[in-house]
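So for the sequence shown, this note's numbering puts the first residue at 3; every next one is plus one.
The C-beta atom is built at its ideal place from N, Cα and C for all residues, glycine as well.
Note that this is a predicted model, so its numbers are computed, not measured.
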Amino acid sequence: MQVKISVTISNAVGGNVHIVLRGPEGTQQYDEDTMTGNNEKTFDLSPGTYIISAHAYTGGKLNLRVIAGAAKLINREASGPDAFILSTFDV
């Protein structure tokens, strides 16, 4: 299933974000160095339960959305000097 992961960061210096996605097929990681605004990546995921984490090293306000079709599987926000989000979703 096509799943879109969207990360937005604001009020941060540098905007470095590390994303880790763990599921039935293993672990995928990516870094967004000097991220600005909204960053989206689309993944083709097998059915199962997934764990996702987003870590904004430079702080600020971090928003994480996971969308499959018209369904928002995750819509979470964290803020602070070392913002971190950890969540699970099913595909």
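Item	Value
Cβ-Cβ separation, Arg67 to Ile53 (assumed contact under 8 Å), whole Å	Contact doesn't hold; Cβ gap of about 16 Å is too wide.
Alpha-carbon to alpha-carbon, Ala73 and Tyr32	23 Å
Anticipated Cβ contact below 8 Å, Ile7 with Glu42, distance rounded	7 Å
Continuous beta strand (DSSP E) stretch holding Ser8: start and end	Gln4 to Ser12
Closest residue to His20 among Ser81, Ala70 and Ile87 (Cα-Cα distance)	Ile87
Gly25 CB to nearest heavy atom of the ligand ZN below 7 Å	In terms of ligand content, the structure shown is empty, and the ligand ZN therefore cannot be addressed.
Run of the beta strand (DSSP E) containing Ala70, from where it starts to where it stops	Gly62 to Ala70
Straight-line gap, Leu64 to Ala85 (C-alpha atoms, nearest Å)	7 Å
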